[in-house]
Amino acid sequence: MGVADLHIHTDWSDGMMSVRSLLQHASSSCALDAIAITDHDQIGGALDAIRRSAEPGYVGPSIVVGIETTTKCFRHIIGLYFRPPFPSNPLPRFEALHSTVSRIADFGGIAVVPHPMSVLVPSLHQKEIDSFLATEMGPNLVGIEVASGAIGGRRKETVIRAMNVGRWGLAEIGASDAHHLAQVGTAVTWFPGTTVAELEAALLARKTKAVWGKAGPVPATAHIRQVWRAWTGSLFRGVRPSTPHEVEPRR
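Here it is as C-alpha cells:
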C-alpha cells in the first residue's frame, strides 16, 4: 500500500516551512510515497517542489500539484492533479463553489473537501455538500478529508466517516493540513500502489483509506507565529506570482 499526505502548506502561503525543508524532511523522516502541496490560492510552492523533484539524485516523495482555494462565503476547497502547462495565476478567490470546481476540472484536476464541517476553519458543511453533490457538477467532487489534521479534525472524524459512508460516497482522504514540519504525516491516505498515477486512480475509484499517522510536537510560540503569518498574509500580503511550468510530475 502507498502512503500520501494530500494537504500541506509551505511558506509560499501561510506555512512555516520552505519547500526545500519540506522535501528534505519528507525524504528523511516520513515514509511517504506522495505529497500534495496545497498552498492557499496559488500553486507556486507545488511548482517549486516539482522543479526540485526533477533534479538528479532526488529520492523523496512524488509531488501532486494542488491548491487550497477560498470560495464564496469563505469556504475552502482543494484542487489536486492539475496538468501541465500549469495555470500561471491562482484560481480567483471568492467565486461560487460550482465555478471554482469547474475551473479545477478545466485544469485537469479533481476537487476535494478539506476539514469538512469544521467551525474553527473555513469549511463546507453538511447541507452545502449535500446540495453540491445533487448538482450536475457533483461528480467533479471526488474526495473528502475523513481524517484531517486541522484543528478539531479528530473530533469530527466519526461523524464525517459515517456521513460519507451513508450519504456522500466520496474517496476517503487522510491529510495533515500541515503548516509545520512536525505536522507532516499527522493524517495520511493509504492507496493501492505507490505512484501518483496509482493514487489518482484510487481516488477516482474510491479505493483509498484515511488513517492517522504520528503527530510531532509544535511549540505554542510556533503556532502563534503561524497564525499571525496567516492573518497578515491574508489581509496584507499578495501571493507570490507563479509562472507556467511545463515539467510533468513523476507519475
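For the sequence shown, counting from 1, position 224 maps to 225 in my numbering; every step adds exactly one. For glycine and all other residues, C-beta sits at the position ideal for the given N, C-alpha and C.
Remark: C-beta atoms of Leu48 and Thr70 do not approach each other more closely than 8 Å. When secondary structure is reduced to three states using DSSP, Val212 falls in the strand class. Within the same chain, Leu182 come within 8 Å of Ser22 by CB-CB distance, once the 5 residues on both sides are set aside. Within the same chain, Cβ atoms closer than 7 Å to the Cβ of Ile152 are found at Leu121 and Val122, the five residues on either side in sequence being excluded. Arg52 counts as exposed, since fewer than 16 other C-beta atoms from the protein chains shown sit within 10 angstroms of its C-beta. Within 10 angstroms of the beta-carbon of Arg76 lie 16 or more other beta-carbons, which makes it buried.
Taking Gly110 as the centre and dropping the five residues before and after it, the same chain places the C-beta of Gly80, Leu81, Tyr82 and Phe83 closer than 7 Å to its C-beta, in chain order. Annotation for Asp12: Ser19 place their beta carbon closer than 6 Å to its own, counting only its chain and skipping 5 residues before and after. According to the DSSP secondary-structure assignment, Leu142 is paired through a beta bridge with Ala112. Fewer than three beta-carbon pairs drawn from the stretch 203 to 219 and the stretch 55 to 64 are found closer than 8 Å, and the two stretches are therefore not classed as touching.
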